[in-house]
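To start, the structure under review is shown below, and the notes come after it.
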Amino acid sequence: MTAQTVAKHAPAPQTPPLPQAKPESLGLSPAALQRMSDAFKREIDKGTVPGVTVMVARRGQVGWFEALGRQSPAASTPMAHNSIFRIFSMTKPIVSVGIMMLLEEGHFVLGDPIAKFIPEFADQKVGVENNGKLDLVPLARPITIQDLLRHTSGITYDHTGNSLVQQLYKESRLRSRKISNAEHASLVGSLPLICQPGSEWNYSRSTDILGRIIEVVSGKSLSAYLAEKILAPLQMAETAFHTGEENAGRLAEAFPIDPWSGEKVQLFNMLEQPVMESGGGGLVSTTMDYARFCQMLLNGGTLDGNRIIGRKTLELMASDHLGPKVKVASRLMPAGHGFGLGFAVRTQPGMAPFAGSVGQFFWSGMAGTFFWIDPAEEMFAVFMMQGPGQREYIRSLLRGLVYAAVE
98 MTAQTVAKHA PAPQTPPLPQ AKPESLGLSP AALQRMSDAF KREIDKGTVP GVTVMVARRG
158 QVGWFEALGR QSPAASTPMA HNSIFRIFSM TKPIVSVGIM MLLEEGHFVL GDPIAKFIPE
218 FADQKVGVEN NGKLDLVPLA RPITIQDLLR HTSGITYDHT GNSLVQQLYK ESRLRSRKIS
278 NAEHASLVGS LPLICQPGSE WNYSRSTDIL GRIIEVVSGK SLSAYLAEKI LAPLQMAETA
338 FHTGEENAGR LAEAFPIDPW SGEKVQLFNM LEQPVMESGG GGLVSTTMDY ARFCQMLLNG
398 GTLDGNRIIG RKTLELMASD HLGPKVKVAS RLMPAGHGFG LGFAVRTQPG MAPFAGSVGQ
458 FFWSGMAGTF FWIDPAEEMF AVFMMQGPGQ REYIRSLLRG LVYAAVE
């Protein structure tokens, strides 16, 4: 394993590393892992991405952790083990664990309507397209907390399609980082839903709404709650909604022009503190920070003697909550998979066009970050890059390369 470092700046709080071991002692093939490394070096040399980090851990120890390529296309600084990335939707599993911790304290049940905590959702309607116009119809039933966790709320994202409801999203201020979580939730509550709650899986701003519910129930800002309940106990010292100016030399950046599509790439400034603390996609983090979260999940909710979430609660979260009756028509949901409470879950050994295990759970971020937990193999992987247009290809590539190393 190759260690690369960048200094020259004031030291940040150190995230303690996970135990390390030789790959072969963990049932991982060093030769196959080297082939994985070589494959990513080829992608970097081809100009697919500036650089990547990749970690594979098994049986409680890290067997492989590499930083390859450059941290940013604009500088020669090498990618480092402690480079900082926008993790976008890898924020969602952290916030989902946070809301389930409040459930474990008895503040609500999964079937509670969200209007109980955010009144603006009490009179929401569903937008039904009719001859190019939008008819507003009443809800068949309220949106529940479980709906938010599994993305069956009827809330949507404006970038996943161009329906009339999504056009209303695009015309709103929902993408602004200058509105508060309360303002954002109120705005989502004022817009129609894309479908009846519970009827379809639509990837959405639902986890942003969960972040607001955390604020309402806990009486704390989302950042303060996550820091106190999850990030500090796990010693994830470099995970937050922004990072300080002293870390400017550690930021991973994407190519300004997508190397495949030629389109302009615009990602948020990690040094800027947003007003909107997006529970759906606002955190920045490092590979080792997120690895500590993953090891906690693989351990059934504990790390270094700190229990974050109950074992049976986590088991519920990592189970399929869609079943055959919920319509799923999204390329974001691979074949042979369902969705739990904050994670996608593999339900079939086949069907998906990549290797894995039944019971594996995972999610990713739109800039290219990715993780999965494989309880059957006692394994997790964390991958970081900043390359939005290459994320789906690289995810499939990564899965095949990692599972080829499992002996």
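Just so we're on the same page, the numbering used here is the position in the sequence shown counted from 1, plus 97. Think of the CB as a built atom: it goes at the ideal place given N, C-alpha and C, for glycine as much as any other residue. It should be emphasised that the depicted structure is a prediction, and the values quoted were computed from it without experimental measurement.
Taking all protein chains in view, the Cβ of I354 is surrounded by fewer than 16 other Cβ atoms within 10 Å, so the residue is classified as exposed.
Between P289 and K222, the C-beta spacing is below 8 Å. V372 and G308 have their alpha carbons spaced roughly 13 Å apart.
Secondary structure remark: continuous beta strand (DSSP E) runs of at least 3 residues inside the region 445 to 497, in chain order: 458 to 461, 467 to 471, 476 to 481.
Residue pairing by DSSP places K361 opposite I354 in a beta bridge.
Taking the C-beta atoms as reference points, E474 is found nearer than 8 Å to S454.
A contact between stretches requires three or more CB pairs, one per stretch, nearer than 8 Å, and the region 375 to 395 meets this requirement with the region 458 to 472. The continuous alpha helix (DSSP H) containing E280 extends over residues 278 to 287. DSSP places D232 outside any alpha helix (DSSP H); the residue lies instead in the beta strand (DSSP E), whose first and last residues are 230 to 235.
Taking the Cα positions, V362 is about 20 Å away from S382. Fewer than three Cβ pairs drawn from the region 208 to 223 and the region 188 to 196 lie within less than 8 Å of each other, which leaves the two stretches out of contact. The shortest CA-to-CA distance from P114 to any of M333, R167, S296 is the one to M333.
Taking 8 Å as the upper bound for CB-CB distance, M448 and A441 are not in contact here, some 13 Å apart.
Secondary structure at S296: coil, using DSSP grouped into helix, strand and coil.
Taking the CA atoms as reference points, E360 sits about 43 Å from L200.
Secondary structure note for R132: its alpha helix (DSSP H) is the uninterrupted segment 127 to 143. If you draw a straight line from the Cα of K230 to the Cα of T257, it is about 20 Å long. If you compare the alpha carbons of H178, D220, R488, N299 with that of F436, the shortest gap goes to N299. With a cut-off of 8 Å on Cβ pairs, the region 342 to 352 is not in contact with the region 239 to 249, counting fewer than three such pairs. Residue nearest to P190 within the set T150, H281, C391 is C391 (criterion: CA-CA distance). With 16 or more neighbouring CB atoms inside 10 Å of its own CB, D244 falls in the buried class. Runs of the alpha helix (DSSP H) lying entirely within the region 192 to 234, each at least 4 residues long, are absent.
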